[in-house]
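Novice:
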Amino acid sequence: MRPLSRVALVCSGVAALLAATAAAQDPRLDRLTPEARAPVATLLDSARTAGLPVEPLLQRALEGTTKRAAPELVVAAVRRLAADLGRARSALGFRASPAELAAGAAALRAGAPAEVLVALRRSRPNPLTVPLAVLTDLVASGVPVDSATAAVLALATRARDADLVEFRRAVERDIALGASPGAAVSTDAIGFLGPSAISVPGPHGHQSSQPTRP
Amino acid sequence: MFEDRQDIVERIVSHLRRPARIDAALDERVMQAIATLPRPGGGRGARAVWRWLARPRAFAVSPLGALALAAGLAAVALVLPGRRASAPPTEEVGRQLPFVVIAPHAVRVSLVGDFNDWDAARTPMRRLGRGSAVWTTVVPLAPGRYRYAFLADGSRWLADPAAPVARDDEFGPPSSVVTVGGS
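Chains as they are written, first to last, in our numbering: chain A, 39 to 252; chain B, 81 to 263.
Shown next, in the form of structure tokens:
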């Protein structure tokens, strides 16, 4: 083969590879601002290479764009979520589903320790998406992290997803009625599992044994 | 002496020229013997094919031909993602989830979230009745955790008062969270 033809072949191969890469890029990225598009695409590629789910990252970028957030905010949020997904994967293992990883990332962001994710993985054979989401939502409702963690760990071993969601609703209802978040989670956990089945740290860190409905 | 030898030679030649008697079953025996021999192809043939396939070759291609090849590869790459993207996004539908919001002064309200690419045009909400302030829609959702919000008149963001608030709200306007269980 002549050298010129070889160079042409290599160049055309590289061109084809670049074209294929560009074509494989998600068309939804076109909705991002020009300033955010390239950095977000790079983050998505890195996540894909690391075996992390890309869809939650793209959805976060689309959320920021639809809410007209500044491009640097969008990129920072996607970068932060990618890091959280990586931490969630380290805790939940490589077999974790994308939904579990997304829920785990949210739980970590809410303040749940990574050890809780590991313990949940050990204690529950079923998918962890709902227990992790309930944990996150409880913390978002003002329940102290250790109380929420203890309750979810106790419930996760035996409760169905629907029971966990109902538990979260009960806690939020009690909080809305005036109970302190820590007391609400203790009371409702005991209501779901019985007094002997759980020892949830009370709102001030000590164990709660008595129902404290408002 | 020479004549004697010549005579012997002629007798030998004439003896050899006589037609030989061949057993009628000879052909069959020969074919049977051949059938028992190992086939000449088999492993050696496969090895030869593999060597032929694995042997490096130098080939010449014109720049025009290489560009045509690259264009073909790019066309294939363009077609494949397009086919993947055309698949319905809600294949593994878990539940039909109703969403409700009260927006008395809104002219139009949309539901936007992780389940519709945060696209305000995808899930418009309907008034519960004529002049009603209650807007509703139903969305099929697979098990998972989704962030969402309501968008009134294309500019006003509303969180769902009946759902947990998304804690990591980095973009200003609030979002809510819905969790769809699988068991």
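Each residue gets a CB set at the ideal place from its N, CA and C atoms; glycine is no exception.
1. Ends of the beta strand (DSSP E) at LEU231 (chain B)?
2. Can you pull the chain B neighbours of SER224 (chain A), defined as C-beta to C-beta under 9 Å?
3. Are at least three pairs of beta-carbons, each pair with one atom in the stretch 238-257 of chain B and one in the stretch 142-151 of chain A, less than 8 Å apart?
4. With 16 as the cutoff for other CB atoms within 10 Å, does VAL110 (chain B) come out buried or exposed?
5. When the cut-off is 8 Å and only beta carbons count, does VAL245 (chain B) lie next to chain A?
6. Any Cβ of chain B within less than 8 Å of the Cβ of LEU100 (chain A)?
7. With THR103 (chain A) as the anchor, note down where its alpha helix (DSSP H) starts and where it stops.
8. Contact criterion: CB-CB distance below 8 Å. Does ASP175 (chain A) meet it with respect to chain B?
9. Could you give the distance in angstroms between the alpha-carbon of VAL159 (chain B) and the alpha-carbon of ALA146 (chain B)?
10. Return the chain-ordered list of same chain residues with a C-beta closer than 7 Å to the C-beta of VAL223 (chain A), the five sequence neighbours on each side being excluded.
11. What whole-angstrom Cβ distance do LEU12 (chain A) and VAL112 (chain A) have, given they're in contact under 8 Å?
12. Which chain A residues sit within Cβ distance under 7 Å of VAL192 (chain B)?
13. Taking only beta-carbon positions, decide if THR167 (chain A) is within less than 8 Å of chain B.
14. Quick check on ALA100 (chain B): buried or exposed, where buried means 16 or more other Cβ atoms within 10 Å of its Cβ?
15. Using a beta-carbon distance cut-off of less than 8 Å, what residues from the stretch 197-223 of chain A approach chain B?
16. Sort A:ALA217, A:ARG86, A:LEU96, A:GLY229 by Cα distance to ASN196 (chain B) and report the nearest one.
17. Can you pull the chain B neighbours of ARG86 (chain A), defined as C-beta to C-beta under 9 Å?
18. Assign GLY240 (chain A) to buried or exposed, taking buried as 16 or more other Cβ atoms, counted over all protein chains shown, within 10 Å of its Cβ.
19. Kindly list, in the order they appear in chain B, the residues whose Cβ is closer than 9 Å to that of LEU111 (chain A).
20. Among the candidates A:ARG196, A:GLY216, A:PRO169, A:GLY232, whose CA atom is the shortest distance from the CA of VAL260 (chain B)?
21. Closer than 7 Å between beta carbons: that is the criterion. Which residues of the stretch 216-232 of chain B meet it against chain A?
22. Go ahead and label GLU138 (chain A) buried or exposed: buried means 16 or more other beta carbons lie within 10 angstroms of its beta carbon, across all protein chains shown.
23. Relative to the alpha-carbon of VAL258 (chain B), which residue among A:ARG206, A:GLY216, A:ALA114 has its alpha-carbon at the smallest distance?
24. Judging by CA-CA distance, which residue of A:ALA99, A:LEU166, A:ARG98 is the nearest neighbour of ARG127 (chain A)?
25. Note down, in chain order, every chain C residue with its Cβ under 8 Å from the Cβ of SER179 (chain A).
26. In whole angstroms, give me the CA-to-CA distance for ARG251 (chain A) and ALA217 (chain A).
27. Buried or exposed, going by whether 16 or more other CB atoms sit within 10 Å of the CB of SER190 (chain B)?
28. Whole angstroms is fine: what's the gap from ILE114 (chain B)'s alpha carbon to ALA105 (chain B)'s?
29. Run through chain B and tell me which residues come within less than 9 Å of ARG147 (chain A), C-beta to C-beta.
30. When the cut-off is 8 Å and only beta carbons count, does TRP237 (chain B) lie next to chain A?
31. On the DSSP bridge assignment, give the partners of THR217 (chain B) in chain order.
32. So, are the CB atoms of LEU155 (chain A) and ALA129 (chain A) less than 8 Å apart?
33. Beta-carbon of ARG125 (chain A) versus every beta-carbon of chain B: anything under 8 Å?
34. Looking at the C-beta of ALA120 (chain A), does it have a partner C-beta in chain B at a distance below 8 Å?
35. Tell me where the beta strand (DSSP E) around THR259 (chain B) begins and ends.
36. What is the rounded straight-line gap between the Cα of ARG106 (chain A) and the Cα of PRO241 (chain B)?
Specialist: Based on what the coordinates show:
1. 224-232
2. Within chain B, no residue comes near SER224 (chain A); the closest Cβ sits about 19 Å away, beyond 9 Å.
3. The stretch 238-257 of chain B vs the stretch 142-151 of chain A: in contact.
4. exposed
5. yes
6. yes
7. 93-104
8. yes
9. Any reading at VAL159 (chain B) must be qualified, since the residue scores a pLDDT of 49, below 50, and its modelled position is unreliable; the value itself is stated next. Distance from the CA atom of VAL159 (chain B) to the CA atom of ALA146 (chain B), rounded to whole angstroms, is 20 Å.
10. LEU176, VAL181, SER185, ALA186, ALA189, VAL209, VAL238
11. This structure cannot speak to residue 12 (chain A), because chain A is shown only from 39 to 252.
12. Within chain A, the residues near VAL192 (chain B) are THR104.
13. Contact with chain B is found for THR167 (chain A), since one of that chain's Cβ atoms lies less than 8 Å from the residue's Cβ.
14. exposed
15. Taking 8 Å as the Cβ-Cβ cut-off against chain B, the residues of the stretch 197-223 of chain A that qualify are ARG198, ASP199, ALA200, LEU202, VAL203, ARG206, GLU210.
16. A:LEU96
17. The premise fails here: ARG86 (chain A) is roughly 14 Å from chain B at the closest Cβ pair, so nothing lies under 9 Å.
18. Note that GLY240 (chain A) scores 47 on pLDDT, short of 50, meaning its location in the model is unreliable and no value can be drawn from it.
19. GLU250, PHE251, GLY252
20. A:PRO169
21. PRO223, GLY224, ARG225, ARG227
22. When all chains shown are included, GLU138 (chain A) counts as buried.
23. A:ARG206
24. A:LEU166
25. Here chain C cannot be found, since the structure's protein chains are A and B.
26. Any reading at ARG251 (chain A) must be qualified, since the residue scores a pLDDT of 30, below 50, and its modelled position is unreliable; the value itself is stated next. Cα-Cα distance, rounded: 7 Å.
27. buried
28. 14 Å
29. ARG247, ASP248
30. yes
31. B:PHE179
32. yes
33. Not one beta carbon of chain B lies nearer than 8 Å to the beta carbon of ARG125 (chain A).
34. Not closer than 8 Å to any Cβ of chain B, the Cβ of ALA120 (chain A) fails to qualify, so no.
35. For THR259 (chain B), the uninterrupted beta strand (DSSP E) run begins and ends at 256-260, by DSSP.
36. 22 Å
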